[in-house]
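Numbering (our numbering), first residue to last: 16 to 452.
Below, the structure is given as structure tokens:
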């Protein structure tokens, strides 16, 4: 009798889980945009019951680690042992150089720094960081949240204590503090997607009560509170660009306006969460960040108004320090606008570059970007200009054109210019000037 060989059915392949697919996308070097969009969508579509599985499988930990790597926040933080090794290596190399003779037989005259590659790598890291922050947002809240409705407690039951600790102690807070300290409107406008992703993440964290303390309390000694010290000044600096300088820009900057509108929404979510959190705290446990003096970062249209200063007696009682008194008395005069050009297009005040002004139309299509760039720099000025009894800089801008500026500088102490006032006319040429040397 012959026996028939049994043809067994092949075992079914193991089904690939959502966590496996996301992990595969996150493990790619470098990250790919199409796959990161898929990963974000998979996280966003996961139910509150499925999201704990993502955390248990290490998805959130991986995202947080990649955020730290892309943000390079720990690149400058060395351990004590690493620091000791570095110093020892430097000592050894220094002794070798001394033996050879400084400047002889050491080093190279050829630079190894490739600036194009450096810029490309930075842009790639920034792009990766945006994708990762969007993925984290999808886990915390959803993709592109609008924050129109307040979340209920049942909406974030999956955010357990380990999840809170993982996200709260991640590099997100460090990145927020680092970037929100940037008061350059131009620099922010060049990286709007990154700033939007960061503040969107902060607002998503603020929607979870357990994560709010990480936004309110400074993460380390010497650090600043995200909610109480950084978010509001950052928002006001951005708003100053579109509110204070809108008449001098000609055409509106719609992309920047849309960005600022979103920043205002995110800021309100963060501040509201911080207020609710501190409402339940004893007074002694609240974060004291307010100072007697209005922060210089909080510059808006009020800076350009010619409002009367407070009475000298009131100021003297409240501010015995001469430097504080000086700043309080003159702060509202530091950045002003004035009518430089009359009804017939002629200058009504003396100005050095009158010929250049007549030949330049700042609102022409070819010069539109130049005008916006100048307005962005002016919006950042109140944060950077010195204002003290020793040395101060005051700026006056034409009411209709932001490229016509007068500057008044007080001479610094202990210099030949002390106690002097020096007036300068400032105009930005439309092309690079060439001078014969």
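For every residue, glycine included, the Cβ atom is placed at its ideal position computed from N, Cα and C.
In whole angstroms, what separates the C-alpha of residue i from that of residue j?
i	j	result
residue 242	residue 236	16 angstroms
residue 453	residue 155	Residue numbering for the chain in the displayed model covers 16 to 452; residue 453 lies beyond these limits and cannot be assessed.
residue 162	residue 281	8 angstroms
residue 376	residue 389	14 angstroms
residue 269	residue 283	21 angstroms
residue 98	residue 80	Confidence is the limiting factor: at residue 98 the pLDDT is only 48, short of 50, which leaves the residue's position unreliable, though a coordinate-based value still follows. Looking at the two C-alpha atoms, the distance is approximately 23 angstroms.
residue 334	residue 345	Legend: pLDDT at residue 334 = 44, less than 50; position of this residue unreliable, value from coordinates given subsequently. When rounded, the distance between both Cα atoms is 14 angstroms.
residue 298	residue 231	14 angstroms
residue 342	residue 404	8 angstroms
residue 34	residue 150	13 angstroms
residue 37	residue 47	12 angstroms
residue 440	residue 384	22 angstroms
residue 227	residue 382	45 angstroms
residue 191	residue 370	46 angstroms
residue 186	residue 391	29 angstroms
residue 279	residue 395	18 angstroms
residue 132	residue 138	10 angstroms
residue 246	residue 30	45 angstroms
residue 393	residue 354	17 angstroms
residue 67	residue 73	10 angstroms
residue 86	residue 289	26 angstroms
residue 136	residue 129	11 angstroms
residue 148	residue 84	13 angstroms
residue 428	residue 359	43 angstroms
residue 145	residue 210	9 angstroms
residue 180	residue 356	59 angstroms
residue 212	residue 387	23 angstroms
residue 208	residue 159	12 angstroms
residue 32	residue 206	35 angstroms
Using alpha carbons as the reference points, say which of the options lies closest to residue i.
i	options	result
residue 76	230, 184, 368	184
residue 152	40, 196, 137, 217	217
residue 419	395, 362, 384	362
residue 58	69, 49, 50, 31	69
residue 172	338, 62, 274, 257	62
residue 407	392, 433, 413	433
residue 446	136, 357, 181, 374	374
residue 176	71, 209, 275, 415	71
residue 412	435, 366, 402	366
residue 368	360, 428, 294, 443	443
residue 78	42, 212, 53	42
residue 380	209, 212, 267, 338	267
residue 292	170, 229, 49, 188	229
residue 195	240, 182, 141	240
residue 52	142, 287, 338	142
residue 238	193, 45, 416	193
If you count every other CB in all the chains shown that lies within 10 Å of the CB of residue i, and 16 or more means buried, which is it?
i	result
residue 157	exposed
residue 56	exposed
residue 271	buried
residue 259	buried
residue 276	exposed
residue 203	buried
residue 397	buried
residue 324	The pLDDT assigned to residue 324 is 45, lower than 50, so where the model puts this residue is not dependable; a value taken from the coordinates is nonetheless given after this. When all chains shown are included, residue 324 counts as exposed.
residue 244	buried
residue 39	exposed
residue 64	exposed
residue 328	Low per-residue confidence applies at residue 328: pLDDT is 48, beneath 50, and the placement is therefore not dependable, though the value from the model is reported in the following sentence. By the neighbour-count rule (16 or more Cβ atoms within 10 Å), residue 328 is not buried but exposed.
residue 437	exposed
residue 285	buried
residue 372	buried
residue 296	exposed
residue 378	exposed
residue 215	buried
residue 54	buried
residue 257	buried
residue 294	exposed
residue 4	Because the chain here runs from 16 to 452, residue 4 falls outside it and cannot be looked at.
residue 134	exposed
residue 49	exposed
Quick one: is residue i near chain C, going by C-beta distance under 8 angstroms?
i	result
residue 402	Among the chains in the structure shown there is no chain C, since it carries only a single protein chain.
| Between the region 152–169 and the region 214–224, do three or more beta carbon pairs fall short of 8 angstroms? | Three or more beta-carbon pairs separated by less than 8 angstroms link the region 152–169 to the region 214–224, which places the two stretches in contact.
| message | Closer than 8 angstroms is the cut-off here; do at least three beta carbon pairs connect the region 341–356 with the region 422–436? | response | With the cut-off at 8 angstroms, the region 341–356 and the region 422–436 do not touch.
| query | Should the region 198–209 be called in touch with the region 248–263, which here means at least 3 C-beta pairs below 8 angstroms? | reply | These segments touch.
| query | Considering only residues of the region 52–80, which uninterrupted alpha helix (DSSP H) runs meet the minimum length of 4 residues and lie entirely inside it, listed in chain order? | reply | 66–71, all fully within the region 52–80.
| task | Taking only runs that begin and end inside the region 193–228, name each unbroken alpha helix (DSSP H) of 4 or more residues, in chain order. | result | You should have 200–205, 207–221.
| message | My parser needs the alpha helix (DSSP H) runs of 4 or more residues fully inside the region 135–205; what are they? | response | 176–183, 186–195, 200–205, all fully within the region 135–205.
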